[in-house]
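Read the structure below first, then the notes.
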């Protein structure tokens with residue numbers, strides 16, 4: 023049915039070249055040219071050097087691939103590369119089957135080496151992966167909801183009993199509507215990209231392997247001390263595990279605080295709302311922060327300026343000095359003004375010194 027309707031649309035003659043059939047539809051910049059024709063043929067592209075190909079899509083591309091592929095030029099966004107990024111992100115998402123294989127492999131070894139109770143957590147995590155919060159199909163579905171690409175497809179395939187001009191106007195109106203929604207659509211696509219990033223963090227195998235090694239180390243300790251009365255141990259094993267985990271959490275919290283100190287530097291003028299949001303998000307990433315090397319944050323023999331120990335007025339003065347310093351380096355006219363001001367002051371001072379001093383008389387320099 024789609025191919026039949028595509029043929030009907032493609033059989034429409036170009037208004038500029040009647041012997042040619044329309045091939046392209048303009049999807050970007052329509053609102054800037056309300057009276058322009060949005061359907062063009064191949065010859066239009068060959069002859070009009072002012073046409074920007076990035077503003078056009080082939081009709082066949084939309085109709086044939088709208089249901090299974092991202093369309094990099096649709097919908098109109100403030101940054102069209104976001105759609106390409108969304109496509110790449112969706113391709114890199116690990117399949118549920120691969121995650122299940124890793125979980126089964128990990129827990130099979132863990133269960134054999136430690137205790138059978140771990141099997142409860144294995145089943146819990148498997149169920150979580152079997153019902154993922156986000157996958158490729160959901161990404162495509164949300165993209166289609168945001169972009170309404172299928173609505174555009176249906177609009178192009180409408181039974182064209184009405185005049186071609188009316189059909190074209192409908193398409194213009196639809197495209198114009200989305201061009202006015204660039205701000206909203208951009209935010210939604212950016213949020214979709216963030217959700218793609220979070221998918222890769224469903225299972226943190228680095229943390230699980232660290233925890234496994236800690237438990238195995240405790241098991242080895244029990245074997246090495248097998249002749250001792252287990253009741254005589256200074257600390258129960260469970261207490262040692264708890265203390266060790268608490269130590270890890272404290273280190274991670276310290277890492278988060280170190281990053282917050284860098285972000286909240288007074289000279290950055292960050293808002294309290296942003297800092298509070300950053301602190302919450304960094305707290306959620308405690309385990310990931312443990313992978314960052316914090317031993318050498320600063321360059322050798324260098325420490326950050328302690329802006330927290332100066333008041334707002336002093337900070338404003340420093341900021342003014344820096345701005346003037348930048349202008350001196352980048353703006354030759356500004357530098358000349360400074361030099362002229364210095365020379366003028368020197369002339370005034372020389373003139374004052376060259377005249378004899380007179381009592382009860384003062385000189386005023388305007």
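Residue numbers (the working numbering): 23 to 388.
Think of the CB as a built atom: it goes at the ideal place given N, C-alpha and C, for glycine as much as any other residue.
Nearest C-alpha to residue 62 among 326, 43 and 299: 43. As a beta-bridge residue in DSSP terms, residue 78 pairs with 48.
The three-state secondary structure of residue 209, taken from DSSP, is helix. Apart from sequence neighbours up to five positions away, the residues of its chain that approach residue 84 with a beta-carbon distance below 6 Å are 175, ordered along the chain. Secondary structure in the segment 143-212: the alpha helix (DSSP H) runs of 4 residues or longer, each lying completely within the stretch, are 158-169, 171-178 and 186-201 in chain order. Around the CB of residue 111, 16 or more other CB atoms lie within 10 Å, so the residue is classed as buried. Apart from sequence neighbours up to five positions away, the residues of its chain that approach residue 173 with a beta-carbon distance below 8 Å are 196, ordered along the chain. At a Cβ-Cβ threshold of 8 Å, residue 198 and residue 52 count as neighbours. Of all C-beta pairs linking the segment 106-120 to the segment 74-90, fewer than three are shorter than 8 Å, placing the two stretches out of contact. With fewer than three CB-CB distances shorter than 8 Å, the segment 57-71 does not count as touching the segment 89-100. Here residue 278 is buried. Its C-beta has 16 or more other C-beta atoms within 10 Å. DSSP places residue 328 in no alpha helix (DSSP H); its state is neither H nor E. Burial state of residue 296 is exposed, judged by a 10 Å Cβ sphere holding fewer than 16 other Cβ atoms. Counting only the Cα atoms, residue 58 lies some 20 Å from residue 33. Collapsing the DSSP output to three states places residue 53 in a helix.
If you compare the alpha carbons of 163, 285, 122 and 202 with that of residue 303, the shortest gap goes to 285. Where residue 66 is concerned, the enclosing alpha helix (DSSP H) starts and stops at 64-69. Nearest in C-alpha terms to residue 177, of all of 166, 71 and 192, is 192. In the DSSP assignment, residue 102 falls outside any alpha helix (DSSP H), carrying neither H nor E.
In this structure, DSSP gives residue 127 a helical state, which the three-state scheme calls helix. Cβ neighbours of residue 106 within its own chain (closer than 7 Å, five residues either side excluded): 94. Around the beta carbon of residue 292, a 10 Å sphere encloses fewer than 16 other beta carbons of the protein chains shown; the residue is thus reported as exposed. Closest in alpha carbon position to residue 148, among 136, 125 and 163, is 125.
Excluding sequence positions up to five before and after residue 40, its CB lies less than 8 Å from no other CB in the same chain. Ranked by Cα distance from residue 151, the first of 117, 299, 218 and 46 is 117.
Here the alpha carbons of residue 168 and residue 161 stand approximately 11 Å from one another. By the Cβ neighbour-count rule, residue 227 is exposed, with fewer than 16 other Cβ atoms within 10 Å of its own. Assignment of beta-bridge partners to residue 61 by DSSP yields 47. Of the other Cβ atoms in all chains shown, fewer than 16 fall within 10 Å of the Cβ of residue 276; this residue is therefore exposed. Under the DSSP definition of a beta bridge, residue 35 partners with 43.
By the CB criterion at 8 Å, residue 214 and residue 165 fall inside the cutoff.
Buried is the label assigned to residue 78, since at least 16 other Cβ atoms lie within 10 Å of its Cβ.
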